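Below you'll find the structure, written out as structure tokens, and then a few comments.
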Amino acid sequence: MNDPIKSRERFARAQELIPGGVNSPVRAFKAVGLDPLFIDQAKGSKIYDIDDNEYIDYVCSWGPLILGHAHPDIVKAICRAAELGTSYGAPCEKEIELAQLICEAIPSIDKVRMVSSGTEATMSAARLARAYTGREKILKFEGCYHGHADSFLIKAGSGLLTAGVPTSPGIPIEYAGGTLVSSYNDIESLEDIFKISGRDIAAVIVEPIAGNMGLIIPENEFLVELRRITEQYGSLLIFDEVISGFRTCYGGYQNLIEIKPDITTLGKIIGGGLPVGAYGGRQDIMDWVAPEGDVYQAGTLSGNPVAMAAGSATLRLLKKHEYYTYINDLGQYMVNGIKKLLTSCGLEYQINHMGSMFSLFFTERQVKDYSTAVISDTKRFAKFYKTLLSEGIYFPPSQFEVCFISAAHTLPDIDRTLSAIEKGLYWSMQEG
Ligand code: KE4
């Protein structure tokens with residue numbers, strides 16, 4: 004590997020112009036104590052930095068690139084759309100095409116509104132739920148991330164029922180009072196909150212597969228109970244499928260577990276690498292959204308033809324080909340390989356895995372919620388990460404993110420990654 008001299012220089016320059024030198028905090032590599040790499044280009048499963056280093060990419064733009072970087076059919080769709088104009092600020096047929104693909108793929112979605120990010124989708128879904136129910140409170144789960152809208156940057160208060168606490172400066176304390184926080188996979192604490200505040204809760208928002216504490220799998224009854232309790236109290240259930248949508252199957256994770264939320268938020272994959280978010284659900288709820296209804300939400304570039312073309316090209320490919328078997332098999336092969344390496348190193352680290360997503364936690368306790376995730380040894384993870392990078396493997400630069408495998412990854416990619424992981428585990432165990 005070449006020493007990333009140019010990346011270091013560009014990072015110094017970027018920091019003079021952009022807060023932290025990045026346009027999204029996790030990209031700054033702070034969690035692994037390194038300077039970020041500046042990427043020059045990407046193709047298939049590989050990314051290339053400006054110092055001519057090649058890496059096998061497991062960030063995949065944080066999930067969107069399920070078909071790999073610069074897929075020729077998606078690039079062609081983007082180019083063709085751009086030649087016809089990048090944004091009309093008016094309805095176009097490409098919006099109908101993507102909306103139809105989404106509604107056909109996810110039975111709980113009768114109608115869908117396009118926006119430009121997952122944050123816009125979840126923020127709008129929460130506003131819609133409050134309006135539809137006439138209630139104010141939203142309940143979320145500790146460690147789940149739903150974008151950076153004020154009402155979601157809230158963590159659990161001291162007591163179970165005390166109002167939440169902002170996790171960022173700049174959030175009015177009264178916003179925290181509108182957000183209740185419970186523990187993922189913990190139905191008992193949820194029931195306790197609902198017994199006292201259930202009639203004030205407009206909606207529960209949940210990542211049906213949690214991807215922002217590292218990967219955390221819902222325990223068997225958690226989501227079923229969540230659906231039961233929300234129905235019992237007249238609260239809406241919002242599945243935030245920004246990560247899981249079209250990742251585990253063609254449609255939502257909800258399709259696999261046969262649970263129908265009232266509203267679903269989407270992003271990432273449905274934009275094929277361009278800025279697209281969406282929220283959708285039952286018609287009687289969605290018809291409250293302006294201009295059909297009075298719940299205001301708008302966006303200059305919402306549904307723009309180029310992003311719609313990228314999203315539709317992606318979903319059409321996913322619908323036509325059996326990619327899911329391939330990427331899920333690669334995921335299983337990867338996880339089996341890591342487990343063998345952990346055993347040979349005498350390590351009992353935890354791996355959480357679902358299809359083409361996995362997270363390796365540097366802890367010996369099962370990771371099933373925020374409190375069990377945060378005790379992971381982030382220092383050892385950082386040493387592990389640095390070794391992988393030097394071996395040309397680009398994992399997400401944080402213990403609390405998900406590794407994604409795309410349809411462009413190959414068995415030789417996985418084998419090369421496993422040999423790097425073996426070295427990474429060895430160096431992570433060295434003191435100093
Ligand atoms: P965006 O606003 O970043 O498009 O989506 C917010 C969002 C909403 N819901 C879920 C479940 C999400 O995971 C996200 C964003 N995911 C992070 C990575 N875990 C995006 C990466 C970043 O923040 O740079």
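Residues are numbered in the working numbering as their position in the sequence shown, beginning at 1, plus a constant of 3.
Where is the CB? At the ideal position from N, CA and C, for every residue including glycine.
Keep in mind it's a predicted model, so treat the numbers as computed, not measured.
For residue i versus residue j, is the C-beta spacing smaller than 9 Å?
i, j, result
"Leu218", "Met337", "no"
"Ile262", "Phe242", "yes"
"Glu98", "Gly280", "no"
"Asn258", "Ile109", "yes"
"Ser185", "Leu142", "yes"
"Ala179", "Ala152", "no"
"Ala15", "Gly23", "no"
"Asp189", "Asp372", "yes"
"Pro67", "Gly274", "yes"
"Phe398", "Arg383", "no"
"Tyr253", "Arg116", "no"
"Asn215", "Phe361", "no"
"Cys63", "Gly71", "yes"
"Glu210", "Glu244", "yes"
"Val407", "Tyr61", "The question names Val, but residue 407 is Phe in the sequence shown. Yes, the Cβ-Cβ distance between Phe407 and Tyr61 is below 9 Å."
"Leu321", "Ile69", "yes"
How many angstroms separate the CA atom of residue i from the CA atom of residue j?
i, j, result
"Val370", "Ser90", "44 Å"
"Lys343", "Lys426", "14 Å"
"Lys46", "Tyr58", "11 Å"
"Gly349", "Val29", "31 Å"
"Ala313", "Ile77", "6 Å"
"Ile174", "Ser154", "8 Å"
"His149", "Ser10", "30 Å"
"Gly340", "Leu421", "7 Å"
"Ala84", "Ser119", "17 Å"
"Tyr256", "Ile8", "42 Å"
"Lys114", "Lys49", "36 Å"
"Leu183", "Glu367", "30 Å"
"Val405", "Asn355", "9 Å"
"Met4", "Leu318", "36 Å"
"Leu202", "Gly276", "It should be noted that the sequence gives Arg, not Leu, for residue 202. Looking at the two C-alpha atoms, the distance is approximately 40 Å."
"Val168", "Glu145", "11 Å"
"Ser111", "Lys33", "39 Å"
"Thr233", "Ala206", "8 Å"
"Ser315", "Ser431", "42 Å"
"Ser359", "Ile212", "13 Å"
For residue i, report the span of its beta strand (DSSP E) as first-last.
i, result
"Glu57", "Glu57 to Asp60"
"Leu239", "Leu239 to Asp243"
"Ser431", "No beta strand (DSSP E) contains Ser431, which is instead part of the alpha helix (DSSP H) from Leu414 to Ser431."
"Ala205", "Ile204 to Val209"
"Val184", "Thr182 to Ser185"
"Lys386", "Per DSSP, Lys386 belongs to no beta strand (DSSP E); it is in the alpha helix (DSSP H), Thr381 to Ser393."
Which class does residue i belong to by DSSP, given the choice of helix, strand or coil?
i, result
"Cys82", "helix"
"Val309", "helix"
"Leu104", "helix"
"Asp52", "strand"
"Met357", "strand"
"Tyr282", "strand"
"Gly24", "helix"
"Asp38", "coil"
"Thr89", "coil"
"Tyr397", "strand"
"Cys63", "helix"
"Phe32", "coil"
Please classify residue i as buried or exposed, where buried requires at least 16 neighbouring CB atoms within 10 angstroms.
i, result
"Gly251", "Position check: residue 251 holds Thr in this sequence, whereas Gly was assumed. Classification of Thr251: buried, given that the 10 Å Cβ count is 16 or more."
"Gly435", "exposed"
"Asp287", "exposed"
"Tyr299", "exposed"
"Gln353", "buried"
"Lys271", "buried"
"Gln235", "exposed"
"Lys386", "buried"
"Glu12", "exposed"
"Ile176", "exposed"
"Ile378", "exposed"
"Pro94", "exposed"
"Leu20", "exposed"
Could you tell me the boundaries of the alpha helix (DSSP H) in which residue i lies?
i, result
"Ala17", "Ile8 to Leu20"
"Arg2", "Since the first residue of the chain shown is 4 and the last is 435, residue 2 is not available in this structure."
"Tyr256", "Tyr256 to Ile260"
"Asn339", "Tyr326 to Cys348"
"Ala411", "Looking at the DSSP string, Ala411 is not in any alpha helix (DSSP H), and its letter there is neither H nor E."
"Ser288", "According to the sequence shown, residue 288 is Ile rather than Ser. Where Ile288 is concerned, the enclosing alpha helix (DSSP H) stretches over Gln286 to Met289."
"Leu277", "No alpha helix (DSSP H) holds Leu277; DSSP gives it neither H nor E."
"Ser374", "Tyr373 to Ala376"
"Phe197", "Ile190 to Ser200"
"Ile232", "Phe225 to Tyr236"
"Leu269", "Looking at the DSSP string, Leu269 is not in any alpha helix (DSSP H); the run it does join, the beta strand (DSSP E), is Ile266 to Leu269."
Under a CB-based cut-off of 9 Å, is residue i close to chain D?
i, result
"Tyr236", "Although the question refers to chain D, the structure presented lacks it and comprises just one protein chain."
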